[in-house]
Every structure is written in C-alpha cells, then in structure tokens.
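Sequential numbering of the sequence shown, starting at 77, is according to my numbering. Beta carbons are placed, not taken as given, at the ideal position from N, Cα and C, and that holds for glycine. Bear in mind the structure is a predicted one, so any value in this text is a computation, not a measurement. The next block holds one structure in the form of structure tokens; read it before the comments.
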Amino acid sequence: MILDVLISRYLDGELTPEEDAELRSMIAGDVEAKEAFDAAILLHIAMRCEDDTVVPDDVREDTIRAIDIRMSAAPTRKTASRSYRAVAALAVTFLVLCLPFGDTYFNLGSDGVGEFAEQSSAASSPVTTRAGETPRRAAGQLTASNPSSAANSVHNGEIIDTTSFDVVTTDVIGNTNTVESLNSRAEEAVPLDQEGANTLPVSSLFASADNTPFAPSQPHTSSGPSNSEPSTLATPNLLQSKPVDVLITSSYGQSMTGTVSTEGAVTTISAGVGFAMAKNTFMGLELGTMNYATIREHQIMTRSDDGSAVSARPPMLSSDHVSKLPPTVMPGGTYTTSVYSHAESEGAAWGAAFLQQRLLNLGPAHINGRVAAGVTEDGVLGYGRLGTDIRLFQGVSATIGADASYAPIRQFRQGKMSAQTYGLFLSLTYGIQVRL
Numbered sequence: 077m078i079l080d081v082l083i084s085r086y087l088d089g090e091l092t093p094e095e096d097a098e099l100r101s102m103i104a105g106d107v108e109a110k111e112a113f114d115a116a117i118l119l120h121i122a123m124r125c126e127d128d129t130v131v132p133d134d135v136r137e138d139t140i141r142a143i144d145i146r147m148s149a150a151p152t153r154k155t156a157s158r159s160y161r162a163v164a165a166l167a168v169t170f171l172v173l174c175l176p177f178g179d180t181y182f183n184l185g186s187d188g189v190g191e192f193a194e195q196s197s198a199a200s201s202p203v204t205t206r207a208g209e210t211p212r213r214a215a216g217q218l219t220a221s222n223p224s225s226a227a228n229s230v231h232n233g234e235i236i237d238t239t240s241f242d243v244v245t246t247d248v249i250g251n252t253n254t255v256e257s258l259n260s261r262a263e264e265a266v267p268l269d270q271e272g273a274n275t276l277p278v279s280s281l282f283a284s285a286d287n288t289p290f291a292p293s294q295p296h297t298s299s300g301p302s303n304s305e306p307s308t309l310a311t312p313n314l315l316q317s318k319p320v321d322v323l324i325t326s327s328y329g330q331s332m333t334g335t336v337s338t339e340g341a342v343t344t345i346s347a348g349v350g351f352a353m354a355k356n357t358f359m360g361l362e363l364g365t366m367n368y369a370t371i372r373e374h375q376i377m378t379r380s381d382d383g384s385a386v387s388a389r390p391p392m393l394s395s396d397h398v399s400k401l402p403p404t405v406m407p408g409g410t411y412t413t414s415v416y417s418h419a420e421s422e423g424a425a426w427g428a429a430f431l432q433q434r435l436l437n438l439g440p441a442h443i444n445g446r447v448a449a450g451v452t453e454d455g456v457l458g459y460g461r462l463g464t465d466i467r468l469f470q471g472v473s474a475t476i477g478a479d480a481s482y483a484p485i486r487q488f489r490q491g492k493m494s495a496q497t498y499g500l501f502l503s504l505t506y507g508i509q510v511r512l
C-alpha cells in the first residue's frame, strides 16, 4: 500500500493489524519513509494546537525545512569530526615534541665548540699534572688545530713544529711522570724524553672560541723531576645551551568584510602560547571564540474573518478526526501574511596550531607573519595574519595587524539541527604579546 495512505490511516486511527505491520516494516527498512512518518506526526500535532496563528502550510514548510537541514548537515558533521581528530592529534604531537626536548634540540649554542655532552663534561674538568705521577685512565678527548697556539711550543730549546694533534686528558693517579696517550698526527719526529715531559706548556694545547690560549691558574715551572707543585688548567663548558624562548599572545579581532552576510561584525578573542623552533620562529597552539549575529526571518499567517475577533477553538474530543488538506489547497477564511525578522547571536569555540616568523626588523617595531590551521565546533578553519608588534618595554609588545580567515558560519538553527556555510573574512586585529 502507498506510504501516505498508511500514515493517513494511522493518524485517523483506522489501521488494521495487517496495515499496521506493513507500515512498521516500511518505516524500519527505509530511512526516507521514517522521516516522512516523523514529519506527518509533527504536522498532526501542530494542527491540533489551539493557536489560530499556526496553519497547516506554515508547519509543513518548517517541517520540510528541518528535514532538509538534518539531511544536508550529516556529511558536514562527519567531515568536522574527522578534521577535529586529525588536528587534535597534530597539536598533541607538537606539544610532546616541544615541551620535554625543546631545550636540548631546538636551542643549542652555535659557537661550534664541542659536539657531544660527554666531550664537554670531560673537557670542562680541571687538568692537573704532578711530578712523579702516572695517568692511568682517559676521561675525554679534545683536538687543537690552531698553529699559533700549539705549533711553536718550546721544549729544552727545541721548537716542536705541529699543526694539529689530539691530546687525551687523564685523571692523575700514580707516582711516575709520563704522559700515556700523546696521540700525534704530525709531530712524531720530535720525541718527548722522560725527564722533560712535564715541561710541555699545557695551556698551549687548549684554545678558546676566539683562538687564544687558556692560561693556567698557577705559573708553570720547568724544574724537572723535582717539581712537586701542581698546575691546574680550568676549561670552560664547551656546550653552551640557551633556554627555550616562550611567546604568549592575546588578540581581539573584528571583521571588516566577508563573503557571508552577517548582522554586524564577526569578532574573535583568542590567546596562544608558542615555543621557539629557531631564531624568531615560533610554533604553538591558539585557543579562542568566534561570535557573530545572523538574521532570522519567520513568516506568520494570521486568520482574520472580516475584522471580527476569532473565537477560541473548542477542544477536540477523542472521537474527532483532523481534516487533512492537500498542500496546494489553502484552508477556508481570510489570511494575512507578515514576516518577522530578528537577529540571533551565534558563537563557537575553536583551536588552531600556528607558525609565526619575523619578516622584517624595524628597530623598536617588527613585522611578523603567522599562518594557522585548526577546528571549530562546526568544521575546520584556517587563517593568515600579517601584523606589527611595537615594543612597550622589555619583553612586552603591542600588536596590530590584519588577517584573512576561512571559517564556517551558521545560517539556520532549529533545536539541535543547524546549517552552515564557509566564508572568507578580512579582519583587523590588535592585542598584547609577551616574550619570555
């Protein structure tokens, strides 16, 4: 049997058991049949309402619109859910990488002295030589490649001509005066004798970043084996790491124009935190809200019988049946149509991962560029921002700029169902930036 006939007989209470079973099977097996049945139920309830301003055609249009919105919003909800999971996973991965390991991998010193922490810790320990002691354990290795500091070392009136050599610093343990590991690459033509091994200037084997020899903390003497005064050389920490720079921002923006019509400007309020990935390059996470207003139009049809007052409709009895008219047939009587418009406020929370780079340095002012991608409650969004920060005092700047954003805008909302479209907006933003 035809679905509309079954629904009509169901509303009139005239279904036979066979027809009832057929209607239930059609509703259970077909989504469109279930939606048509729900729409008919809503229409039936609205027609029994006591309010005379509600007419069948008005309720029918609202019901059909609600069904269309629910059907068109289903793919959008799936896309928004997938996008939210992807961007959330990206943000979590970024934070895991930046927070624990940012100080180690992103901001190492660039002086080029020392490659590993093991070498730096060994080289930074004091080097002590004492007459009559034998080194037994190697603690680290350094390479001196400065001819001016190491090439012209004087030993008993002879010049040791070296260009590059390796010296193993050792912990001093023992009672003989020999250097166990002098690993030379170019100077083995001049051997060191047992007696004068302690006369080699240790400071000439080490050079600072500006290629100047380190001076020992005590004067070096060459009195031979009878010398019992220790000479200690303190070398600086070769691995100079800088702390991670942290950027904290807050901004407020208002749209100036856009591709989607809204009542008033689209305002955004956000706050973010970023970590330095390189010099003047920050990556971080930004959270905020977006607020706007849209126009709602409602068409109201009011029955007026020659200007006379409309009496209240008597309550319906259980034995009464609601008469149903075809969609093209208007009910009897005289009706006036009026349109009611009003603005409704909408808002959505959003989050995005951003990358900010300084583009131009103007002294107290800097021009920065930022790109971001994220999600809102209704879908994905992205924006690009070009702004200027003006230094107020140490670490604190005022920012002003413009951004272009692409975000979803709700155009209709009824209950839990809503329809939206994507729009491009050009906004003016300003705020505060703190660099720690």
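Looking only at C-alpha atoms, which of the options sits nearest to residue i?
i	options	result
I485	V336, I78, Q509	V336
E339	E420, V322, M366	E420
L166	S101, M366, D144, L361	L361
E453	I117, T169, T365	T365
A532	V456, L436, Y328	Residue 532 is absent from the structure shown; the chain starts at 77 and stops at 512.
D321	Q509, G450, T505	Q509
I143	A164, T169, F113, V451	F113
G439	V456, D465, A425	D465
H442	L468, A109, A164, R85	L468
A162	M359, L457, I103	L457
G450	W426, Q470, V472, G471	W426
H513	G89, R511, I324	Outside the modelled stretch of the chain, which goes from 77 to 512, sits residue 513, for which no answer is possible.
L500	G334, Q470, A369, N367	G334
P319	V349, T344, R85, L512	L512
If you check the beta carbons only, do residue i and residue j fall under 8 Å apart?
i	j	result
N444	G460	no
R434	N356	yes
L87	A116	yes
L502	A483	no
T475	Q487	no
G507	S326	yes
A109	I103	yes
Note down the Cα distance separating residue i from residue j, rounded to an integer number of angstroms.
i	j	result
A448	E137	41 Å
E95	G105	15 Å
G423	L431	25 Å
T92	L79	14 Å
A354	M332	34 Å
A347	L436	23 Å
F351	A428	15 Å
R141	S101	26 Å
V107	L99	13 Å
A341	T505	13 Å
A164	M359	15 Å
L323	L363	14 Å
S473	G455	33 Å
Q330	V349	21 Å
Y368	S84	43 Å
T343	V168	27 Å
Look up residue i in the DSSP assignment and give the residues it is bridged to.
i	result
G477	G463, T505
S84	Answer is none; S84 lacks a bridge partner.
L119	In DSSP, L119 forms no bridge with anything.
R446	Q432, R461
T325	G348, Q509
What three-state label does DSSP hand residue i in the structure shown?
i	result
I78	coil
G89	coil
D96	helix
A341	coil
E422	strand
E453	coil
V168	helix
G458	strand
L512	coil
G105	helix
V163	helix
D237	For D237, the predicted structure reports a pLDDT of 47, less than 50, and the residue's modelled location is therefore unreliable. A value from the coordinates is still provided. Strand, per DSSP.
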